[in-house]
Amino acid sequence: LHIAAAGGGSDGGINGVANPAATDKVDRHAKVARPVPCVEFVGHSSAVHGVSFSPGNEFLLSCSRDASVRLWSIELGICLGSYKSHNYPVWDVRWCGTGHYFATVSHDQTARVWAMDTPAPRRIMVGHLADVDCVAWHPNANYIATGSTDRTVRLWDVQTGECVRIFTGHRGGVRSLAMSPDGQSMASGSDDGGVLVWDLGTAKCSHAFTGHRGAVYSMDYSGGDGRVLASGGADETVRLWDVSGSGSRSSGGGGGAAGGGGGSGNEAGAGAGNG
Numbered sequence: 172l173h174i175a176a177a178g179g180g181s182d183g184g185i186n187g188v189a190n191p192a193a194t195d196k197v198d199r200h201a202k203v204a205r206p207v208p209c210v211e212f213v214g215h216s217s218a219v220h221g222v223s224f225s226p227g228n229e230f231l232l233s234c235s236r237d238a239s240v241r242l243w244s245i246e247l248g249i250c251l252g253s254y255k256s257h258n259y260p261v262w263d264v265r266w267c268g269t270g271h272y273f274a275t276v277s278h279d280q281t282a283r284v285w286a287m288d289t290p291a292p293r294r295i296m297v298g299h300l301a302d303v304d305c306v307a308w309h310p311n312a313n314y315i316a317t318g319s320t321d322r323t324v325r326l327w328d329v330q331t332g333e334c335v336r337i338f339t340g341h342r343g344g345v346r347s348l349a350m351s352p353d354g355q356s357m358a359s360g361s362d363d364g365g366v367l368v369w370d371l372g373t374a375k376c377s378h379a380f381t382g383h384r385g386a387v388y389s390m391d392y393s394g395g396d397g398r399v400l401a402s403g404g405a406d407e408t409v410r411l412w413d414v415s416g417s418g419s420r421s422s423g424g425g426g427g428a429a430g431g432g433g434g435s436g437n438e439a440g441a442g443a444g445n446g
């Protein structure tokens with residue numbers, strides 16, 4: 172795969188010119204991706220850990236180890252603003268599904284909800300006992316969920332900033348979250364390799380899947396009815412789980428451990444040497 176390189180830029184700048192020399196080196200008959208122009212946004216002073224497009228694709232948010240969040244205009248190719256309220260690295264950022272509002276989580280053990288036209292956060296959610304590593308919006312935009320190294324998931328009311336649900340059961344830090352399209356359930360992935368599916372109304376674990384041999388870093392529900400949950404882990408595999416009820420084993424009690432009641436999934440694995 173050949174990607175054209177882009178030169179450096181200044182703070183808030185953009186470079187969108189592909190390297191012509193890289194284009195000439197491509198075998199036109201090879202079954203590889205064609206070179207594409209690289210658009211580069213420069214401004215953060217440390218590693219960038221999360222990015223998120225606005226629902227209309229007009230804006231891009233980025234969060235960094237430098238404790239800031241930056242708002243970029245896709246059309247103008249410039250940085251429109253920087254949001255600085257967290258005291259430590261910001262690990263994740265997510266736009267609300269309706270736009271305008273977004274949420275961030277940080278090493279400072281807080282989650283924050285912002286409006287894009289205001290430099291200070293609208294809400295600060297305090298309650299986790301360690302790093303908050305991931306965040307997800309509920310489809311109705313009234314709640315956010317956060318996953319933490321303290322091994323819990325919390326559901327927060329955006330209007331009040333209060334925690335309305337605490338989900339316990341993971342044996343390791345929570346690394347990934349996903350909301351079902353209908354807003355009735357939520358999935359979380361952990362350092363312990365477990366994938367738990369939660370009923371948001373009762374805060375109880377409805378499915379507990381095992382299979383990953385390492386942390387689960389990413390997950391997403393299929394569109395439409397959300398019958399399939401995809402998860403990606405440190406074990407170099409992607410797994411598909413049936414969360415419709417059939418083909419899954421339910422765990423009992425309120426928030427069972429990830430090791431209990433493991434279900435079966437379809438695995439699409441790739442070894443380290445596969446490209």
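Using this note's numbering, read the sequence shown as starting at 172 and increasing by one per residue.
All residues carry an ideal CB built from backbone N, CA and C; glycine is no exception.
Neighbourhood of residue i by C-beta, 8 Å cutoff - its chain only, sequence neighbours within 5 removed
i	result
W262	H220, G221, C234, V276, S277, H278, D302, V303, D304, C305
Y388	R346, S347, G360, G403, G404, A405
G372	Q355
E246	E229
T269	P226, A312
L242	F230, L231, L232, C250, L251, G252, S253, Y254, M287
D353	P310, D396, G397
Bridge partner(s) assigned by DSSP for residue i
i	result
W308	I315
I295	R283
L232	S223, L242
L467	Residue 467 is absent from the model: the chain starts at 172 and stops at 446.
C376	W369
G360	S347, V366
Residues near residue i in its chain [Cβ-Cβ closer than 7 Å; skip 5 each side]
i	result
Y254	S239, V240, W285, P290
E217	For clarity, residue 217 is Ser in the given sequence; the question names Glu instead. The answer, listed in chain order, is S235, R236, D237.
D321	H299, L300, A301
S393	V399
I295	T281, R283, G332
Proximal residues to residue i (C-beta, below 6 Å), its chain only, five neighbours per side dropped
i	result
A405	G385, A386
R336	L326, A374
H257	A238, S277, D279
S244	L251
C334	G298, R325, W327
V383	The residue asked about is misnamed: residue 383 is His in this sequence, not Val. Counting only Cβ-Cβ distances below 6 Å, and skipping sequence neighbours, we find G364, G404, D406.
Best match in the options for proximity to residue i [C-alpha to C-alpha]
i	options	result
V213	D396, I249, S223	I249
T323	G252, S351, P292, A358	A358
R342	C334, S356, G318	G318
R128	D413, H299, V329, L232	There is no way to answer for residue 128, as the model of the chain reaches only from 172 to 446.
R293	H271, N311, H309	H271
S415	S225, I295, V409, S377	S377
S351	S225, A307, V210	A307
A349	G332, E407, L367, V329	L367
V297	T381, L411, T331, T408	T331
G517	R410, D353, V329, E333	No statement about residue 517 is possible, as the shown extent of the chain runs from 172 to 446 and does not include it.
H309	F273, I295, G344	F273
V329	D353, H215, C267, T381	C267
Cβ-based burial, residue i [other Cβ within 10 Å; buried from 16]
i	result
I315	buried
A192	Caution applies to A192, whose pLDDT of 42 falls short of 50 and renders its modelled position unreliable; the model cannot decide the point.
D396	exposed
Y259	exposed
D363	buried
T281	buried
F224	exposed
M390	buried
Min CB distance residue i to chain C below 9 Å
i	result
G385	Judged by its chain identifiers, the structure shown contains no chain C, having just a single protein chain.
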